[in-house]
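Take a look at the structure below.
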Amino acid sequence: MSRLHSMATSYNALINLRLPKPKLRRGPKVLDLFSGCGGLSLGFEAAGFRVTGYEMNQNACETHRSNLSGDCKCEILTVDSTFPEADVIVGGPPCQPFSVVGTQAGAADHRNGLEVFVSAVQQVRPDFWMFENVRGLLGRSQAYLQDVLRRLSIIGYTVEPPRILNAREFGVPQNRERVVVVGYRRGKFEWPSRDISEISVRTAIGRTALQARQNSRFLTPAMDAYIAKYEKASCCKTPRDLSLDKVARTLTCRNLGGATGDMIRLLLPDGRRRLLSVSEAARLQSFPSWFRFTGSYTSKMTQIGNAVPPMLALALANSIKAFLAKQKGG
Ligand SMILES: C[S@@+](CC[C@H](N)C(=O)[O-])C[C@H]1O[C@@H](n2cnc3c(N)ncnc32)[C@H](O)[C@@H]1O
Numbered sequence: 113m114s115r116l117h118s119m120a121t122s123y124n125a126l127i128n129l130r131l132p133k134p135k136l137r138r139g140p141k142v143l144d145l146f147s148g149c150g151g152l153s154l155g156f157e158a159a160g161f162r163v164t165g166y167e168m169n170q171n172a173c174e175t176h177r178s179n180l181s182g183d184c185k186c187e188i189l190t191v192d193s194t195f196p197e198a199d200v201i202v203g204g205p206p207c208q209p210f211s212v213v214g215t216q217a218g219a220a221d222h223r224n225g226l227e228v229f230v231s232a233v234q235q236v237r238p239d240f241w242m243f244e245n246v247r248g249l250l251g252r253s254q255a256y257l258q259d260v261l262r263r264l265s266i267i268g269y270t271v272e273p274p275r276i277l278n279a280r281e282f283g284v285p286q287n288r289e290r291v292v293v294v295g296y297r298r299g300k301f302e303w304p305s306r307d308i309s310e311i312s313v314r315t316a317i318g319r320t321a322l323q324a325r326q327n328s329r330f331l332t333p334a335m336d337a338y339i340a341k342y343e344k345a346s347c348c349k350t351p352r353d354l355s356l357d358k359v360a361r362t363l364t365c366r367n368l369g370g371a372t373g374d375m376i377r378l379l380l381p382d383g384r385r386r387l388l389s390v391s392e393a394a395r396l397q398s399f400p401s402w403f404r405f406t407g408s409y410t411s412k413m414t415q416i417g418n419a420v421p422p423m424l425a426l427a428l429a430n431s432i433k434a435f436l437a438k439q440k441g442g
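So for the sequence shown, this note's numbering puts the first residue at 113; every next one is plus one.
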């Protein structure tokens, strides 16, 4: 067995071990709002929680249902949606209203899901809540975020100052920053501790990264020409091809399957560039190898690019589990 093969196999083995196929759980009940394909849900199920997802995209719901043991309600959430009792509410509302690649319209953007999250917490009054979003939430929408947090604190929650966590510090082979906000009734929450040993692209997908397959998607000559022109004009010192010896750049639905789908790519030894396969993208997001995505290539890549990396979700879920256990014990 080659060294590349054994490194990728051991990374696979590690995530498959930490994120096993979920069994029916008996732990605290979690509602995962805007659950997508279930990256966040998977981390919580692996930590022993019982999770119900809420998601409007049919393919994402199907992926969630077929991989996780909890249900996923396929519905469009609004501020009038009603929810069952739960110990914890988590969620990753759509990031477009806050992303720096958009207009950052925040609260004024019709896709803003933070109001749904606030309404769910006001209604259910869980012991703990957590939401995550892109770093842009701390930019132009800062005043709106503070208003959201004020409304949650006046109903009795201690709200921790928002934290920026980077997935690369939690066993994910990717530079992916997320703003995480948590609230709870009493006690003191301990954030998960960071792991300094980073996982490179080579360790995660080294076995296939330099190969072309029959169904590989190559960049077109026009894309190659554009890249050459762009790199020359910007005196590019670090080409945007994925470097095998570093963590990957942030995978998003835009740069995996969307408008800028040529931005995450691998340079092959013969000089051709190809896009990631679905399983390579999933692995760089720390999805275990047993996890299967439903839908077209674009739909699968969108689900992957949207997800909270399950290994980051697991670290957060374990901290929340420890916090709730301490509350219960005393
Ligand atoms: C950032 S993704 C969430 C990813 C998810 N937390 C994960 O870890 O896989 C946001 C999701 O919200 C869904 N969504 C957006 N607006 C919605 C709405 N009003 N009701 C239900 N789902 C919605 C989108 O389809 C998308 O899958």
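We put the beta carbon where it would ideally sit given N, CA and C, even for glycine.
What are the start and end residues of the beta strand (DSSP E) that includes residue i?
i: THR410; result: Looking at the DSSP string, THR410 is not in any beta strand (DSSP E); the run it does join, the alpha helix (DSSP H), is 409-418.
i: ASP144; result: 141-145
i: CYS207; result: Looking at the DSSP string, CYS207 is not in any beta strand (DSSP E), and its letter there is neither H nor E.
i: PHE243; result: 240-245
i: LEU277; result: 275-278
i: CYS186; result: 184-186
i: VAL163; result: 162-167
i: LEU249; result: Run containing LEU249: none; DSSP gives neither H nor E here.
Say yes only if the C-beta of residue i is nearer than 7 angstroms to one or more non-hydrogen atoms of ligand 1, and no if none qualify.
i: GLU157; result: no
i: CYS149; result: yes
i: ALA172; result: yes
i: CYS207; result: yes
i: LEU152; result: yes
i: VAL191; result: no
i: VAL420; result: yes
i: GLY370; result: no
i: GLY204; result: yes
i: GLY225; result: yes
i: MET168; result: yes
i: PHE399; result: no
i: PHE435; result: no
i: ILE188; result: yes
i: PHE403; result: no
i: PHE229; result: no
i: PHE146; result: yes
From residue i to residue j, what distance separates their C-alpha atoms?
i: MET242; j: ALA337; result: 44 angstroms
i: THR362; j: VAL163; result: 27 angstroms
i: ASN418; j: SER253; result: 20 angstroms
i: PRO421; j: GLY151; result: 6 angstroms
i: ALA391; j: ALA427; result: Correcting the residue identity first, residue 391 is Ser in this sequence and not Ala. Cα to Cα, the separation comes out at about 22 angstroms.
i: PRO205; j: HIS222; result: 12 angstroms
i: MET375; j: LEU143; result: 34 angstroms
i: LEU261; j: PRO400; result: 34 angstroms
i: PHE240; j: CYS207; result: 22 angstroms
i: ASP199; j: ARG395; result: 30 angstroms
i: SER211; j: LEU249; result: 7 angstroms
i: ASN327; j: LEU257; result: 44 angstroms
i: GLU157; j: LYS341; result: 47 angstroms
i: ALA125; j: THR315; result: 12 angstroms
i: LYS344; j: LEU368; result: 24 angstroms
i: MET335; j: ARG263; result: 48 angstroms
i: ILE188; j: GLU167; result: 7 angstroms
i: VAL293; j: CYS348; result: 36 angstroms
i: VAL444; j: LEU145; result: No answer is possible for residue 444: the residues shown for the chain start at 113 and end at 442.
i: GLN439; j: ILE276; result: 25 angstroms
So residue i is in the alpha helix (DSSP H); what residue range does that whole segment cover?
i: LYS438; result: 422-441
i: VAL236; result: 226-236
i: GLY295; result: Taken as a continuous stretch (DSSP letters only), GLY295 belongs to no alpha helix (DSSP H), being part of the beta strand (DSSP E) at 289-296.
i: ARG395; result: 390-396
i: LEU154; result: 151-158
Measuring alpha carbon to alpha carbon, tell me which of the options ends up nearest residue i.
i: ARG325; options: PRO238, SER178, TRP303, ARG385; result: ARG385
i: PRO304; options: GLY283, LEU180, GLN170, LEU261; result: GLY283
i: VAL233; options: TYR256, LEU250, ALA219, SER193; result: SER193
i: GLU302; options: THR315, ILE317, PRO273; result: PRO273
i: ARG288; options: ARG247, THR332, SER265; result: ARG247
i: ARG319; options: LEU264, VAL236, LEU388; result: LEU388
i: ILE416; options: ALA172, LEU145, VAL230; result: ALA172
i: GLY373; options: LEU331, ARG404, TRP402; result: LEU331
i: VAL191; options: VAL202, VAL313, LEU226; result: LEU226
i: THR175; options: SER355, SER153, LEU277; result: SER153
i: LEU322; options: LEU378, ARG298, CYS348, PRO285; result: LEU378
i: GLY182; options: LEU189, PHE161, ILE201, VAL271; result: PHE161
i: PRO381; options: PHE405, ALA125, LYS358, ASP353; result: ASP353
i: GLY370; options: SER408, MET168, SER309; result: SER408
i: GLY299; options: VAL271, ALA279, GLU310, ARG290; result: VAL271
i: PRO333; options: GLY383, CYS348, ASP357; result: GLY383
i: SER265; options: ALA279, ARG290, ALA255, VAL230; result: VAL230
i: VAL291; options: LEU424, PRO238, SER411, LEU145; result: LEU424
i: PHE403; options: SER147, THR414, LEU145, ASN179; result: ASN179
i: GLY295; options: LEU436, PHE146, GLN170, LYS133; result: LEU436
i: PRO238; options: ASN224, ASP259, ALA255, ILE267; result: ILE267
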